[in-house]
Amino acid sequence: ETGIVVDVTANGIARVRCVRSSACDHCDAKSACHAGHGREERVVEAVNRLGARVGDRVVIAIGSDTLLRSSFLVYIVPLVALVFCSLVGQALAPRLLPDVDPEVVTALSGISGLLLALVGLKLRQKRFDAENYLPRIIRVESGKDG
């Protein structure tokens with residue numbers, strides 16, 4: 373995706389204003405992807421190892437490994453927590469809470485596990501926003517005037 377650098381930080385991160393590409397219209401993942409969030413223009417942070425400056429037109433990309441890691445964290449970790457905690461609740465309910473319906477304990481355990489996983493991910497969000505999860509500037513196409 374292409375964009376214009378609008379800010380460069382001292383720690384090697386550039387803020388890039390991108391216009392949603394027409395390629396998005398033909399992408400199979402467009403319904404699940406939230407890159408545009410319904411907007412035509414947005415500003416994203418990208419790793420700037422190429423030394424792009426404010427006003428430069430750049431191409432940014434996110435690696436497939438980054439996309440897979442992010443998807444795993446957002447979708448699989450909460451799902452595993454839900455299933456695991458449901459199974460633990462189901463196994464322990466008869467012994468710890470014999471007067472309570474085991475299905476209620478199972479459901480509440482699963483929901484608790486899901487919520488704990490989501491809160492844990494949110495608390496660690498700053499770590500996930502680090503360089504490994506940001507898009508990268510892969511090419512500087514032109515400077516301010518061209």
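If you want my numbering, it's the position in the sequence shown, counting the first as 1, plus 372. Cβ atoms here follow ideal geometry from the backbone N, Cα and C, with glycine treated the same way.
Cα separation between Arg-392 and Glu-373? One alpha carbon belongs to Arg-392, the other to Glu-373, and they sit about 8 Å apart.
Enumerate in chain order the residues of its own chain whose CB-to-CB distance from Leu-486 is below 7 Å, with the five nearest sequence positions on each side excluded. Non-local C-beta neighbours of Leu-486 in its own chain, meaning closer than 7 Å and more than five positions away in sequence, comprise Pro-450, Ala-453 and Leu-454, ordered along the chain.
Would you mind working out which of Ala-463, Thr-438, Ala-465 and Gly-482 sits nearest Cys-457, comparing C-alpha positions? Among Ala-463, Thr-438, Ala-465 and Gly-482, the Cα nearest to that of Cys-457 belongs to Gly-482.
Taking 8 Å as the cut-off, decide whether the C-beta atoms of Ala-489 and Thr-478 are in contact. It is not a contact, given that the beta carbons lie outside the stated cut-off.
How should Ile-448 be labelled, buried or exposed, when 16 other C-beta atoms within 10 angstroms of its C-beta is the threshold for buried? By the neighbour-count definition (other C-beta atoms within 10 Å, threshold 16), Ile-448 is an exposed residue.
Going by the DSSP bridge assignment, what does Arg-425 pair with across the sheet? Answer is none; Arg-425 lacks a bridge partner.
Looking at Val-508: is its Cβ nearer than 8 Å to the Cβ of Val-419? It should be pointed out that residue 508 corresponds to Arg in this sequence rather than to Val. Cβ distance < 8 Å, so Arg-508 and Val-419 count as in contact.
Here's the rule I'm using: 16 or more other beta-carbon atoms within 10 Å means buried, otherwise exposed. How should Leu-506 be labelled? Residue environment analysis places Leu-506 among the buried positions, since at least 16 neighbouring C-beta atoms fall within 10 angstroms of its C-beta.
Alpha carbon to alpha carbon, how far is Ser-484 from Glu-413? Give it in angstroms, no decimals. Near 37 Å, if we compare the C-alpha coordinates of Ser-484 and Glu-413.
DSSP three-state call for Arg-496: helix, strand or coil? Judged by DSSP in its simplified three-state form, Arg-496 adopts coil rather than helix or strand.
Distance between Thr-438 and Asn-504 (C-alpha atoms, nearest Å): Going from the Cα of Asn-504 to the Cα of Thr-438 covers about 7 Å.
With DSSP as the reference, label Arg-392 as helix, strand or coil. In the three-state reduction of the DSSP assignment, Arg-392 falls in the coil class, being assigned neither a helical nor a strand state.
Just the C-alpha distance for Ser-436 and Val-388, rounded to the nearest angstrom, thanks. The straight-line gap from Cα to Cα measures roughly 20 Å.
List the whole-angstrom C-beta distance separating Gly-510 from Ala-433, where the pair is believed to meet the contact cut-off of C-beta under 8 Å. Checking the sequence, you will find Ile at residue 510 rather than Gly. At roughly 5 Å, the Cβ-Cβ gap stays under 8 Å, so Ile-510 and Ala-433 are in contact.
Would you mind working out which of Cys-390, Leu-445, Leu-468 and Leu-469 sits nearest Val-416, comparing C-alpha positions? Taking Val-416 as reference, the option from Cys-390, Leu-445, Leu-468 and Leu-469 with the minimal CA-CA separation is Cys-390.
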